[in-house]
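What follows is one structure encoded as structure tokens, with my remarks underneath.
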Amino acid sequence: MKVSGKKWVIGLVLAVLVYAGIAFVSDVQQLRRHLVEYRWWTFFGALLLASGNYLFRFAKWEYYLRRLGIGSNAPGEPFRPLPFGESLVIYLSGFVMSITPGKAGEVFKSVLLASARGVPMARSAPIVVADRLTDLLSLIVLVAIGSAHFPGYGWIAWTATAMVGAVLFFIVFEGLTLRMIDLMGSFGPGRALAPRLREAYCALRVMTTPLALCWATVISVLAWALECTALWLILRGLHAPVALPIAFFTYATATIAGAIAMLPGGLGGTEFTMQQMLRALGGTGSAAAGAATLLVRIATLWFAVVVGLVALAVFRRRYDRNAGTVTRRSETAVAA
């Protein structure tokens, strides 16, 4: 099993360029001084907070699996949830694709479910859409709370709201969406795709009922609040503390900006927004803001990628039941 090397190379090259830019803007010598004087125990605290984020979002993954009836039982048997360890490994393996645009590559989890349990990808892939949707909703909640105190950044929340609204429009208006899918199926290339889209759409509707949407969004708010707190803790370690509301507003806004940019892992959009907001709202110096941005991205984005690599190795050793074909499936899914 392997993941798309091309997308990894693009993500890594972009990361090098972005972080070199941060170092240049921050003054390399000043940046180095801040890192030398940094209280590293706060970084490990940030890693623990990021781990808490993953556990909350794993709870959301488990909730969605149960909503769709995806478990370890064979067709026709009473429902049995996936074993905890197997489900956790599959979920964490998706972090390998965190450096794809909008994290869309996390559909890789559906590839692993298909390999381990034979679950059709059209059935499980909508979990990624619902996951991204509720993540955006939760970040919008955090930004909306902060935008009342920090005017000038509300446009980011409004843009994200428009994106969520567009998705919700097609979810709510079932008849219109199904007619569009049927229309697509009347043309040559769409005939094979339409049945899968219909199945995926029906699964997505199950996960986006008002109750399911509210419950998953609450989980996401708690999860992302932990990563916002990680930024606050790292700034304290740099001897450049800011108020907790500033850290929440900055991290949530920067994360949305990265998602809107649709670059691998939000690289560039997230870092630029975070550094500028820390300087403008927190009164943080350029070098301290640059150091905080680098450290929090290592503790969240790149830590997630490492966790994903470890989980993927465990999956390949213990749960992969179709190793000969999952590589081709994963490359096709991620390329799409």
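Every letter in the sequence shown is one number past the one before it in the numbering used here, and letter 111, counting from 1, is 119.
C-beta atoms are modelled at their ideal positions from N, C-alpha and C, and glycine is treated no differently.
The structure displayed is predicted, hence computed values, not measured ones.
Spatial neighbours of residue i in its chain, beta-carbon cut-off 6 angstroms, leaving aside the 5 residues before and after
| i | result |
| --- | --- |
| TRP240 | LEU252 and ALA255 |
| ALA54 | ALA238, LEU241, ILE242 and ALA307 |
| ILE189 | ALA202, LEU205 and ARG206 |
| ALA122 | MET129 |
| GLN37 | none |
Inter-residue Cα distance where the pair is residue i and residue j
| i | j | result |
| --- | --- | --- |
| SER106 | MET129 | 19 angstroms |
| THR169 | PHE181 | 18 angstroms |
| LEU20 | VAL26 | 10 angstroms |
| TRP310 | LEU246 | 20 angstroms |
| GLU339 | VAL17 | Note on GLU339: pLDDT 43, under 50, position unreliable in the model; the coordinate value appears next. For GLU339 and VAL17, the distance between alpha carbons rounds to 15 angstroms. |
| GLY126 | MET171 | 32 angstroms |
| ALA28 | ALA269 | 19 angstroms |
| THR217 | LEU184 | 18 angstroms |
| ILE30 | GLY276 | 10 angstroms |
| TRP69 | VAL104 | 16 angstroms |
| ALA297 | LEU234 | 19 angstroms |
| TRP166 | PRO83 | 44 angstroms |
| THR301 | VAL33 | 12 angstroms |
| PHE323 | GLY274 | 27 angstroms |
| ARG305 | GLU45 | 19 angstroms |
| ARG325 | ARG88 | 23 angstroms |
| LEU230 | SER59 | 12 angstroms |
| PHE195 | TYR209 | 19 angstroms |
| THR108 | GLU94 | 24 angstroms |
| VAL318 | GLY193 | 40 angstroms |
| TYR327 | TYR62 | 21 angstroms |
| LEU219 | VAL315 | 31 angstroms |
| CYS236 | VAL24 | 24 angstroms |
| HIS42 | LEU96 | 37 angstroms |
| PHE92 | LEU186 | 35 angstroms |
| ARG47 | ASN81 | 49 angstroms |
| LEU191 | ALA67 | 37 angstroms |
| ALA265 | PHE52 | 26 angstroms |
Beta-carbon contacts of residue i that lie in its chain and below 7 angstroms, excluding the five residues immediately before and after
| i | result |
| --- | --- |
| TRP49 | none |
| HIS157 | PRO253 |
| ARG244 | THR50 |
| GLN283 | ILE30, ALA297, GLY298 and THR301 |
Selection from the options that minimises the alpha carbon distance to residue i
| i | options | result |
| --- | --- | --- |
| GLU279 | LEU150, ASP143, THR263 and CYS210 | THR263 |
| ARG140 | ILE227, PHE87 and LEU191 | ILE227 |
| PRO86 | GLY77, VAL104 and ARG326 | GLY77 |
| ALA248 | ARG287, GLY173 and THR142 | ARG287 |
| LEU144 | LEU120, PHE323 and LEU221 | LEU221 |
| GLY173 | ASN81, THR142 and LEU120 | THR142 |
| SER118 | ALA312, THR225, TYR72 and GLY266 | TYR72 |
| ARG177 | ASP190, LEU212 and SER146 | Rather than Arg, the amino acid found at residue 177 in this sequence is Phe. Among ASP190, LEU212 and SER146, the Cα nearest to that of PHE177 belongs to LEU212. |
| LEU100 | VAL313, ARG325 and HIS42 | VAL313 |
| LEU39 | LEU303, VAL318, TYR327 and LEU317 | LEU303 |
| THR250 | GLY291, SER95 and PRO134 | Note that residue 250 corresponds to Val in the displayed sequence, not to Thr. Looking at the Cα atoms, GLY291 is the closest of the given residues. |
| ILE179 | GLY193, PRO134 and SER194 | PRO134 |
| TRP163 | THR281, GLN37 and LEU186 | THR281 |
| ALA321 | ARG41, LEU120 and ARG187 | LEU120 |
Contact belief for residue i with residue j at Cβ below 8 angstroms, rounded distance in angstroms
| i | j | result |
| --- | --- | --- |
| ALA90 | GLY79 | Checking the displayed sequence, the identity of residue 90 turns out to be Leu instead of Ala. So it is a contact: roughly 6 angstroms between Cβ atoms. |
| TRP232 | ALA260 | 7 angstroms |
| ARG75 | MET215 | 5 angstroms |
| ILE148 | ALA124 | Going by Cβ atoms, the distance from ILE148 to ALA124 rounds to 34 angstroms, so no, they are not a contact pair. |
| LEU57 | LEU271 | That pair is no contact at about 24 angstroms. |
| SER146 | THR225 | 5 angstroms |
Close beta carbons around residue i, own chain, < 8 angstroms, minus the five adjacent residues each side
| i | result |
| --- | --- |
| PHE257 | LEU150, VAL151, ILE153, GLY154, SER155, HIS157, PHE158, TYR161, MET285 and LEU289 |
| ASP35 | SER294 and ALA295 |
| GLN175 | Inspection of the sequence shows that residue 175 is occupied by Val rather than by Gln. So the qualifying residues of the chain are VAL137 and LEU141. |
Any chain D beta carbon closer than 8 angstroms to residue i
| i | result |
| --- | --- |
| GLY84 | The chain labelled as chain D is not found in the depicted structure, where only one protein chain is given. |
Any non-hydrogen atom of the ligand ADP within 7 angstroms of residue i CB
| i | result |
| --- | --- |
| ALA174 | Absence of the ligand ADP from the depicted structure is noted, as is the absence of any ligand whatsoever, leaving it without description. |
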